[in-house]
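Student: One structure follows; several queries about it will come next.
In this note's numbering, the protein residues as written are 2 to 110.
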């Protein structure tokens with residue numbers, strides 16, 4: 002099992018490099034301080050403390066109570082591009098449209 006410390010709002014394991022880290026209070030707001038990005042908790046009006054916060058959770062359910070990340074991307078899993086996903090869905094829709102048209106139900110999609 003992978004035992005890396007959870008990076009909190011700077012987590013990079015989500016789809017397309019987005020964060021899996023979430024705030025239960027929905028109070029996380031990225032702000033710019035100087036030349037770096039700081040994640041600000043609007044509920045406490047202070048900088049986010051990440052996995053140590055009682056309202057922090059992981060979308061992948063991979064954060065332990067001690068604040069360690071156990072998420073391990075599958076071998077061969079890579080960040081998916083949104084445009085390739087859209088093209089794949091469009092091909093599926095066209096296939097379904099063709100099946101419906103053969104049955105005389107082309108107006109249903």
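We put the CB at the ideal spot given by N, CA and C, even for glycine.
Flag this pair as touching only if the segment 12 to 28 and the segment 41 to 55 have three or more C-beta atom pairs under 8 Å; answer yes or no.
Tutor: The segment 12 to 28, when compared against the segment 41 to 55, does touch it at the 8 Å Cβ threshold.
Student: Just curious, the beta strand (DSSP E) that residue 53 is in, first and last residue?
Tutor: Here residue 53 corresponds to residue number 52 of the chain shown, with the count starting at 1. Premise fails: residue 53 is in no beta strand (DSSP E) and is neither H nor E.
Student: Span of the beta strand (DSSP E) holding residue 38?
Tutor: Walking along the chain shown from the start, residue 38 turns up at place 37. That run of the beta strand (DSSP E) goes 37 to 42.
Student: Looking only at its own chain, which residues have a Cβ that is under 6 Å from the Cβ of residue 61, when we skip the five neighbours before and after it?
Tutor: As a working note, residue 61 is residue 60 in the chain shown. Cβ within range, chain order: 21, 72.
Student: Please list, in chain order, all residues of the same chain as residue 12 whose beta carbon is under 8 Å from its beta carbon, the five residues on each side excluded.
Tutor: On the chain shown, position 11 is the one that residue 12 refers to. Within the same chain, residue 12 has close Cβ partners 20, 21, 22, 59, 70.
Student: Here's a check: name, in chain order, each residue in its chain whose Cβ is nearer than 7 Å to the Cβ of residue 39, leaving out the five neighbours to either side.
Tutor: The residue you call residue 39 lines up with position 38 of the chain shown. Contacts found: 32, 48.
Student: By the 10 Å Cβ neighbour count, where 16 or more other Cβ atoms means buried, how is residue 10 classified, buried or exposed?
Tutor: Your numbering for residue 10 matches position 9 in the chain shown. When all chains shown are included, residue 10 counts as buried.
Student: Assuming residue 29 is part of the alpha helix (DSSP H), what are its boundary residues?
Tutor: Counting from 1 along the chain shown, the entry for residue 29 is found at position 28. Here residue 29 belongs to no alpha helix (DSSP H); instead the beta strand (DSSP E) covers 29 to 34.
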